[in-house]
Amino acid sequence: MNLSKNTSIYLTSKDSNSRLEKIPESEISKEPNAKLKTIRIKKDRPRQSILGFGGAFTEASANIYDQLDSNKKDEIIEAYFGKNGNQYNMGRTHINSCDFSLGNYALCETEDRKLTDFSIQRDKKMLIPFIKAALKKACVPIHIMASPWSPPPWMKTNNQMNHGGKLKEEYHDTWAEYYCKYIKFYEQDGVPIWGISVQNEPEAVQTWDSCIYSGEEERDFIKKFLGPALEKNKYLDKKLVIWDHNRDVMVKRSRAVLSDPDAAKYVWGTGFHWYNGDHFDEVQKVHDEFPDKELIFTEGCQEEGPHLGSWDLGERYATSIINDLNRWTVAWIDWNLLLDERGGPNHVGNYCSAPIIVDTKAQELLYQSSYYYLGHFSRFFSRGDRVVECENTTNTLLALSAIDKNQKITTTIMNKEENSVPFLYEDGINAKYFSIPPRSIITIISN
Numbered sequence: 000m001n002l003s004k005n006t007s008i009y010l011t012s013k014d015s016n017s018r019l020e021k022i023p024e025s026e027i028s029k030e031p032n033a034k035l036k037t038i039r040i041k042k043d044r045p046r047q048s049i050l051g052f053g054g055a056f057t058e059a060s061a062n063i064y065d066q067l068d069s070n071k072k073d074e075i076i077e078a079y080f081g082k083n084g085n086q087y088n089m090g091r092t093h094i095n096s097c098d099f100s101l102g103n104y105a106l107c108e109t110e111d112r113k114l115t116d117f118s119i120q121r122d123k124k125m126l127i128p129f130i131k132a133a134l135k136k137a138c139v140p141i142h143i144m145a146s147p148w149s150p151p152p153w154m155k156t157n158n159q160m161n162h163g164g165k166l167k168e169e170y171h172d173t174w175a176e177y178y179c180k181y182i183k184f185y186e187q188d189g190v191p192i193w194g195i196s197v198q199n200e201p202e203a204v205q206t207w208d209s210c211i212y213s214g215e216e217e218r219d220f221i222k223k224f225l226g227p228a229l230e231k232n233k234y235l236d237k238k239l240v241i242w243d244h245n246r247d248v249m250v251k252r253s254r255a256v257l258s259d260p261d262a263a264k265y266v267w268g269t270g271f272h273w274y275n276g277d278h279f280d281e282v283q284k285v286h287d288e289f290p291d292k293e294l295i296f297t298e299g300c301q302e303e304g305p306h307l308g309s310w311d312l313g314e315r316y317a318t319s320i321i322n323d324l325n326r327w328t329v330a331w332i333d334w335n336l337l338l339d340e341r342g343g344p345n346h347v348g349n350y351c352s353a354p355i356i357v358d359t360k361a362q363e364l365l366y367q368s369s370y371y372y373l374g375h376f377s378r379f380f381s382r383g384d385r386v387v388e389c390e391n392t393t394n395t396l397l398a399l400s401a402i403d404k405n406q407k408i409t410t411t412i413m414n415k416e417e418n419s420v421p422f423l424y425e426d427g428i429n430a431k432y433f434s435i436p437p438r439s440i441i442t443i444i445s446n
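Put into structure tokens, the structure is as follows:
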């Protein structure tokens with residue numbers, strides 16, 4: 000069986016100029032060989048519905064965006080959110096400052112249980128206009144998730160936003176109301192908030208904005224304070240995400256909250272990051288134990304600078320996306336949308352990479368391999384598509400497949416090897432011998 004006439008193939012390859020390029024079948028065709036390993040799509044075994052892909056709106060990214068001319072701004076927004084770009088439909092931002100802010104700040108600096116001085120004026124200077132530009136361009140509505148890195152210093156045991164510390168017991172109710180004020184003020188300003196997480200990385204004492212919760216503390220804060228506050232303010236439609244930290248102990252942390260019905264009733268799902276090893280089995284275990292709750296990847300980036308031109312960046316992203324979505328994850332959100340040539344700005348020098356790096360001196364945009372690899376998912380896997388089981392007998396290739404309501408099948412396959420890898424592709428419509436080039440990723444779309 001040959002490829003159907005309604006099949007398209009897209010390629011990104013290290014050793015060529017192909018970047019999300021539509022290619023003819025002949026470019027990767029292979030002579031039949033009965034000994035080849037197989038990638039077989041099981042479209043009769045659907046799993047979760049995909050929610051989407053995206054990146055983070057940080058003050059650092061917004062600051063870079065704000066300094067560009069209108070043409071460069073338009074290029075960035077189109078590249079990420081436009082129909083000719085990566086078509087992002089998920090976003091994450093910070094409540095108060097994060098490390099990728101220009102400095103520590105809180106939306107209510109004054110010690111006041113009534114939060115009288117609560118204001119989003121700082122966010123309205125750069126951050127909110129950046130988000131609004133994306134909302135205007137997006138092909139489908141962007142789901143914005145907001146996460147706090149730290150409460151204001153006056154609410155914390157260490158009286159500062161950095162270096163961990165905990166939320167003071169006497170401010171649990173005030174902090175819960177803080178989230179609701181944030182949602183109200185942002186939505187009044189035209190930015191819909193889809194969801195919130197309880198705390199970014201609640202086990203990490205960082206040199207930057209951070210706050211520590213044990214699993215039991217997170218559970219009790221949700222069931223006694225945050226959940227009731229959301230209910231009182233009629234925000235139970237907002238998706239509440241727990242954990243928001245690395246995969247390695249996400250099972251333990253999910254159990255701490257979700258095993259308590261009084262806390263679990265408020266929780267939409269578990270968020271996770273990638274900074275302490277792969278631990279993909281932990282993602283599957285959380286689904287197996289709590290199949291009624293969702294899984295969402297909420298942050299990942301390459302640390303220690305911008306890594307300009309690195310092909311490993313894209314491969315790290317695709318490895319995570321494929322493994323996470325094959326284990327019931329519904330959405331995948333990158334970290335900063337933009338960073339400068341240093342991998343900043345960052346108010347504690349925690350420089351990292353981003354899919355688009357802006358050379359602020361030359362006013363040039365540098366598209367990293369991570370941008371193109373992410374595009375193989377965000378451009379072709381749409382909200383509502385169902386991930387389907389992908390039987391992969393190769394030892395070297397990674398594959399993800401999904402099917403839409405019209406039975407269109409989308410499959411993305413990555414080869415991290417330094418040599419081409421031949422395989423037999425079967426999706427119920429097609430059975431075809433292919434050879435994927437070294438250090439490449441392809442997407443096959445057929446109906």
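For what it's worth, numbering that gives the first Met the number 0 labels the leading residue of the sequence shown as 0, then goes sequentially.
Cβ coordinates follow ideal geometry from the N, Cα and C atoms, glycine included.
Residue i versus residue j: straight-line alpha-carbon distance, rounded
i    : j    : result
I94  : L126 : 11 Å
L2   : A430 : Residue confidence for L2 is low, a pLDDT of 49 falling below 50, so the modelled location carries little weight and cannot support an answer.
C179 : K34  : 60 Å
S28  : V420 : 11 Å
G164 : P151 : 11 Å
Y170 : Y104 : 18 Å
C97  : P128 : 18 Å
K264 : K223 : 12 Å
L271 : K72  : In the sequence on display, residue 271 carries Phe and not Leu. Cα to Cα, the separation comes out at about 30 Å.
F296 : I332 : 6 Å
S7   : L364 : 29 Å
M0   : L423 : Unreliable positioning characterises M0 in this predicted model, as indicated by a pLDDT of 39, which lies under 50. A coordinate reading is not provided.
D219 : Y64  : 39 Å
R378 : Y350 : 28 Å
V197 : W273 : 18 Å
S439 : Y9   : 11 Å
P260 : W174 : 22 Å
L336 : A353 : 6 Å
P147 : D311 : 30 Å
Q120 : Q362 : 28 Å
D116 : F99  : 24 Å
N70  : E77  : 11 Å
P290 : I321 : 19 Å
Residues bridged to residue i [DSSP beta-bridge criterion]
i    : result
F422 : F433
H162 : The partner list for H162 (beta bridge, DSSP) is empty, contrary to what the question assumes.
D456 : It is not possible to answer for residue 456, since the shown part of the chain is limited to 0 through 446.
T393 : According to DSSP, which records beta bridges pairwise, T393 is partnered with nothing at all.
Y9   : K21 and T442
T328 : L294
R385 : S48 and I402
Residue range of the alpha helix (DSSP H) that includes residue i
i    : result
A467 : The requested residue 467 does not occur in the structure, where the chain is confined to residues 0 to 446.
M447 : No information on residue 447 is available, as it lies outside the stretch 0 to 446 that the chain covers here.
D280 : F279 to E288
P260 : P260 to A263
Y87  : Premise fails: Y87 is in no alpha helix (DSSP H) and is neither H nor E.
R315 : D311 to L324
D172 : H171 to Q187
V250 : M249 to L257
C-beta atoms of residue i and residue j nearer than 8 Å
i    : j    : result
T37  : E288 : no
G454 : L229 : Nothing can be reported for residue 454, as the shown portion of the chain is limited to 0 through 446.
I435 : N414 : yes
G51  : W334 : no
G81  : K131 : no
N446 : I408 : yes
A145 : N345 : no
N397 : A317 : First, the amino acid is wrong: residue 397 is Leu here, not Asn. A contact, by the Cβ cut-off of 8 Å.
Neighbour flag for residue i against chain B, beta carbons, 8 Å
i    : result
W193 : You won't find chain B in this structure, because it holds only one protein chain.
Extent of the continuous beta strand (DSSP E) run through residue i
i    : result
Y366 : E363 to Y366
K41  : T37 to S48
G53  : G51 to F56
Q444 : One detail in the question is off: residue 444 reads as Ile in this sequence, not Gln. Its beta strand (DSSP E) spans residues S439 to S445.
E298 : E293 to E298
M413 : I408 to N414
F271 : G268 to H272
Residue i CB to nearest heavy atom of the ligand ATP below 7 Å
i    : result
S196 : With respect to the ligand ATP, the structure offers nothing, as it holds no ligand at all.
Exercise for review: Inspect the CB distances between the stretch 206–215 and the stretch 169–185 and report whether three or more fall short of 8 Å.
Suggested key: no
Review point. Does the stretch 382–392 touch the stretch 366–374, meaning 3 or more C-beta pairs lie closer than 8 Å?
Key: no
Check your understanding: Would you call the stretch 6–25 and the stretch 296–309 in contact, with 3 or more CB pairs under 8 Å?
Key -> no
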